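In what follows, a structure is listed as structure tokens, so that the remarks can point back to it.
Number of protein chains: 2
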Amino acid sequence: MGNQRTRSWWGWGWEDAAFSDEECLAYGARMPGLASAPYPVPDARALDLAAPRTKAPQSLQPLMSDAPLDRASHTYGKAYRDVIRALRGQLDAAPDLVAYPSDEADVVNVLDWATTAEVAVVPFGGGSSVVGGVEFSGEGYAGVVSLDLSRLDRVLEIDPVNRAARIQAGAFGPALEDQLRPDGYTLRHYPQSFEFSTLGGWLATRSGGHYATLHTHIDDFVESMRVVTPVGISESWRLPGSGAGPSPDRLFLGSEGALGVITEAWMRIQQRPQFRRSVSAVFAEATRALAAVREIAQSGLNPANCRLLDPGEAAMSGTSGDGQWVLVLGVESAHHPVDDALNLLVEIARAHGGTVATLAPSAVSASEAKPETRDQAAANWRSAFLRMPYARDGLARMSGIVETFETATTWDRIEALYDDVTTEMGEVIAKVTGAPGRVNCRLTHVYPDGPAPYFSVMATGRRGSEAAMWDDIKAAAMDILTRHRATVTHHHAVGRDHRPGYDRQRPDVFAAALTASKAALDPAGILNPGVLLPAPKR
Amino acid sequence: MGNQRTRSWWGWGWEDAAFSDEECLAYGARMPGLASAPYPVPDARALDLAAPRTKAPQSLQPLMSDAPLDRASHTYGKAYRDVIRALRGQLDAAPDLVAYPSDEADVVNVLDWATTAEVAVVPFGGGSSVVGGVEFSGEGYAGVVSLDLSRLDRVLEIDPVNRAARIQAGAFGPALEDQLRPDGYTLRHYPQSFEFSTLGGWLATRSGGHYATLHTHIDDFVESMRVVTPVGISESWRLPGSGAGPSPDRLFLGSEGALGVITEAWMRIQQRPQFRRSVSAVFAEATRALAAVREIAQSGLNPANCRLLDPGEAAMSGTSGDGQWVLVLGVESAHHPVDDALNLLVEIARAHGGTVATLAPSAVSASEAKPETRDQAAANWRSAFLRMPYARDGLARMSGIVETFETATTWDRIEALYDDVTTEMGEVIAKVTGAPGRVNCRLTHVYPDGPAPYFSVMATGRRGSEAAMWDDIKAAAMDILTRHRATVTHHHAVGRDHRPGYDRQRPDVFAAALTASKAALDPAGILNPGVLLPAPKR
């Protein structure tokens, strides 16, 4: 195909899109107190990894790599602490082998061997986990294989009548969309990691996507799933709806590779939207902005986009710099004009004191001549959204601490949660780092009974202690969420990092059922040990 | 409260609403070949039940009844075969005791005793199961207790900010709505059994409700659930959304009393709709009617009502008698006028050759002066819908066979499925009964990837063999569904009657997980043995 771009082994995305040393310095200069020079990026060819503890049988060797670059790039996800550890060359947890199955039979064979050999298998899609979902040191096991599904990258069938597609789990967002586009379809699932994450990863982690309301998680688009487990392959029937017992798919959605390896799914796809409208509104007060969003979430209008940015987030993303809250609203349809819906949304925003920005009267007319948004705030926000992970890595190289966490809570608790997170996190950051930090918030998804706030944290790290400092800050954040009975994660999954909060949140009775299911489907306990449940004592 | 109506112990609903002997005769005369006189209704005081095999300890005796009427009315659900067997006085499977807990502690105590005493516990809401969900003979157990939750009938809290209510599982539809109405709210979940079924029953069976699109099952309205299991109480947090592992609630939704006893739930409620519009359209051809419904289901308009009646069903319900297909459409909102949405739906119906009936031009104007439907076809249909179960019992008393089953399948298979069911069932009915029967169909719920057809069967039974004849007919129906890989149930649950089809449909790997979960939560296997999974060999 020529012109292949190379993925960064240590940080986000494409190697050639990473900040240069000069950019790191320039960007880092915005935050006082950072390091005077960026961390150098370790030379991938000079990585000093421990010798592999295990060797695959001959039949599997064609799938396996023990090349240092493969092992290094499969050691961590892409959390802040992952990037820091990679930059510092801390790769003790590198998997012994990376397996690249080409088809489902390969997956079955790897699991069979691993079960016998007591080798842990860590399913790996795009490796964009920010919760330690793909990191396992292998304690108690004969070794660790990272099972990279990226060769299962095809859209196998498109079914226009039922508007569904059978898609392999290793397909990345762009490749999947490229294969749907010629037929006029789209999955329309755009997590921030879209470019560097896979369908299987989205399903295994209950990814949050494009739609801010209604169909927020990938879960809602699943028609049927195929999952390889150590005791056999599970395939649910293609059904638009069913009431036959507890949903089989819902057991595997969010199972994070601990119950099986998702190999493909029939997904409900969309026709590409023909009608799109977007506006933004600004509010002087949090209370009124939240009231507007709550009314929208309970109105049944179900806008595709409904993101509320707090003043810090608005300033950071360039949408508004005057201390106001910014609400970005979007409606879309493949079927009919959406002007009426937009007008109703605008009415709600105005009724709660919102000033609808950059919305000329003509922009809410029935004209759909220009379906793309003309709203600059929304465009700025989107651009910042996609650039953010590279900027995070640039600041990380300067020992800046830049990380996010998200949750969901009910409307009655959102203001207190927001206040506590921003206030207490400010105090914790000051205590941990000795310098003031910054905590911003946006609501990424909203429901009739509450919103999903997403917090961004910036703080001044001390060279060499960045990851430990972040861990202290994050632990405080998790405590605040637990206190408010807000979920430990809305769409970043549990992995290993969220286990303490998850253990508090999850009903013990359900833990017993999940543990029993795990023992039934993965008797040797080889699948992603330590996510969701404790790694078995061996 | 005075004026208490009495529930029928043998048939549907209120005793005083059952057909009289004269009505049975008159109604039965419409079907040639039925019995010449209705089955007499057995005298409840003269029922000859076996002596109870077990006795509750003294502490539980205030909750327990062994009165014949209690035992008889808790022997069966309300399937056709249940009504016939009750009419014929076949009550061998009567539970030994009926427990009426007044609070959750009572439920815990009953399960504790039953676990020790090896007594099977059959959770019982309204007893409207049509799949053998509440019937267990007790083989291998020391006895059977029917656990009637109807005293847990209160709305405990209404939370207007988050638009949610905490509701006890034993609350029947009307009582629950009565408690929400003064605050302007509604759960708006109206299964056909609404009057005689409970929230807990809806949750345990994944009931299908009011909305024909989008939020079709009760599942979508659950914010959190509280479930008593033999190993402890499970309570999920009140969260608008979460991505923390597989959903705990989704394990209990559809668990049919086999994993635990649901005692209460926080449910997402609705403001009462202020804007409602309804129309009907008729189509000469199935193919075009289905194409219209498919476009509607894929349009994103998400009408509250979208029910397609085949010509037989339309005639039966009095909506149309001229051999056409009738589509009943309804839109509603508590927030904004719905005329625009209705206009778009009407456009779709017309584009596919539908004739929009009884829709004067003014009726699609912006006027909302009369929010109630003015469409007679829709009103007729609704009335027939609610009267149907009493008519079924009237015909059952004349040895008519009247029963329903439902499924869901993808759009590409719906016409073949419909043709096969109507044709082959006709042949089976003729073979089994020696007389022609009638098979009607309506689509009750629709999804972007397929509809949920609901079939009604009428046939001439032979006195004394009615239930066996229906069993033969139903077995043929299940085979057709399996052949088309259509679900064994869309919203009637699995119970004991659907087990063969469910076993074929359910992935074996998921069965292993469910079996393991059951063993973990109900180690003594006392909970509703035989639903979803085989009753343990003892």
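So the protein sequences, as listed, match chains A and B.
Quick note on full-length UniProt numbering: the first sequence kicks off at 1 and runs consecutively.
Quick note on full-length UniProt numbering: the second sequence kicks off at 1 and runs consecutively.
Each residue gets a CB set at the ideal place from its N, CA and C atoms; glycine is no exception.
Source: prediction; values computed, not measured.
What is the DSSP secondary structure of residue i, reduced to helix, strand or coil?
i, result
"residue 385/A", "helix"
"residue 168/B", "strand"
"residue 411/B", "helix"
"residue 233/B", "strand"
"residue 90/B", "coil"
"residue 19/B", "coil"
"residue 211/B", "coil"
"residue 418/A", "helix"
"residue 43/B", "coil"
"residue 124/A", "strand"
"residue 305/B", "strand"
"residue 406/B", "strand"
"residue 150/A", "coil"
"residue 333/A", "strand"
"residue 190/A", "coil"
"residue 400/A", "strand"
"residue 360/A", "Below a pLDDT of 50, predicted positions are generally treated as unreliable, and residue 360/A, at 40, falls in that range; no measurement from the model is reported."
"residue 355/A", "strand"
"residue 198/B", "strand"
"residue 185/A", "strand"
Could you tell me the alpha carbon to alpha carbon distance between residue i and residue j, rounded to whole angstroms?
i, j, result
"residue 526/A", "residue 517/A", "14 Å"
"residue 9/B", "residue 69/B", "7 Å"
"residue 540/B", "residue 203/A", "Because chain B is modelled from 1 through 538, residue 540/B falls outside the range shown and cannot be assessed."
"residue 317/B", "residue 342/B", "24 Å"
"residue 58/B", "residue 113/B", "11 Å"
"residue 133/A", "residue 299/A", "36 Å"
"residue 485/B", "residue 505/B", "8 Å"
"residue 444/B", "residue 426/A", "53 Å"
"residue 53/B", "residue 256/A", "48 Å"
"residue 245/B", "residue 253/A", "8 Å"
"residue 548/B", "residue 421/B", "The requested residue 548/B does not occur in the structure, where chain B is confined to residues 1 to 538."
"residue 537/A", "residue 498/B", "41 Å"
"residue 519/B", "residue 297/B", "40 Å"
"residue 359/B", "residue 324/B", "With a pLDDT of only 46 at residue 359/B, under 50, the local geometry of the prediction cannot be trusted, and the value read off the model is given with reservation. C-alpha separation (whole angstroms): 17 Å."
"residue 454/B", "residue 388/B", "14 Å"
"residue 314/B", "residue 439/B", "12 Å"
"residue 258/B", "residue 137/B", "16 Å"
According to the neighbour-count rule (16 or more other Cβ atoms, all chains shown, within 10 Å of its Cβ), is residue i buried or exposed?
i, result
"residue 86/B", "buried"
"residue 416/A", "exposed"
"residue 102/A", "exposed"
"residue 383/A", "exposed"
"residue 205/B", "buried"
"residue 36/B", "exposed"
"residue 340/B", "buried"
"residue 48/A", "exposed"
"residue 20/A", "exposed"
"residue 351/A", "exposed"
"residue 5/A", "exposed"
At a cut-off of 7 Å, would you count residue i as near the ligand MN, judging by its Cβ distance to the nearest heavy atom?
i, result
"residue 85/A", "Because no ligand of any kind appears in the structure shown, any question about the ligand MN cannot be addressed here."
- Note down, in chain order, all residues in the region 298-324 of chain A with a beta-carbon under 7 Å from any beta-carbon belonging to chain B. The region 298-324 of chain A vs chain B, Cβ under 7 Å: 298, 299, 300.
- Task: Identify each residue in the region 332-345 of chain B for which the Cβ-Cβ distance to at least one residue of chain A is less than 7 Å, and report them in chain order.
- Result: Correct list: 333, 335, 336, 340, 344.
- Query: Given a limit of 8 Å on CB to CB distance, which residues of the region 3-24 of chain A reach chain B?
  - Reply: Against chain B - using a Cβ distance shorter than 8 Å - the region 3-24 of chain A contributes no residues.
- Query: When you check each C-beta in the region 396-430 of chain A against every C-beta of chain B, which residues fall closer than 8 Å?
  - Reply: Within the region 396-430 of chain A, those residues whose Cβ lies closer than 8 Å to any Cβ of chain B are, in chain order, 408, 409, 410, 411, 412.
- Using a Cβ-Cβ cut-off of less than 8 Å, give me the residues of the region 504-528 of chain A that come near chain B, in sequence order. Against chain B - using a Cβ distance shorter than 8 Å - the residues of the region 504-528 of chain A are 505, 506, 507, 508, 509, 510, 512, 513, 514, 515, 516, 517, 519, 520, 521.
- May I ask you to list, following chain order, the residues of the region 146-164 of chain A that have a beta carbon less than 9 Å from some beta carbon of chain B? Considering only beta carbons, the part of the region 146-164 of chain A lying closer than 9 Å to chain B consists of 159, 161, 162, 163, 164, in chain order.
- the region 223-247 of chain B: positions lying closer than 8 Å to chain A by Cβ: With the criterion set as a beta carbon lying under 8 Å from some beta carbon of chain A, the members of the region 223-247 of chain B are 223, 227, 229, 231, 232, 233, 234, 235, 236, 237, 238, 239, 240, 241, 242, 243, 244, 245, 246, 247, in sequence order.
- Query: Which residues, in chain order, does the region 464-494 of chain A contribute to contact with chain B at a C-beta distance below 8 Å?
  - Reply: For the region 464-494 of chain A, which is checked against every Cβ of chain B, the residues closer than 8 Å are 485, 486, 487, 488, 489, 490, 491, 492, 493, 494.
- Which runs of the alpha helix (DSSP H) fall wholly inside the region 438-486 of chain B and span at least 4 residues, in chain order? Complete alpha helix (DSSP H) runs here, min 4: 466-483.
- Task: Closer than 8 Å, Cβ to Cβ, to anything on chain A: give me those residues from the region 67-88 of chain B, in chain order.
- Result: Correct list: empty, as no residue qualifies.
- What alpha helix (DSSP H) runs, 4 residues minimum, are completely inside the region 273-301 of chain A? The region 273-301 of chain A contains these whole alpha helix (DSSP H) runs: 286-299.
- Message: Just to confirm the assignment: which complete alpha helix (DSSP H) runs, minimum length 4, are found wholly within the region 502-535 of chain B?
- Response: Positions of the alpha helix (DSSP H) runs, each at least 4 residues long and wholly inside the region 502-535 of chain B, are given as 508-521 in order along the chain.
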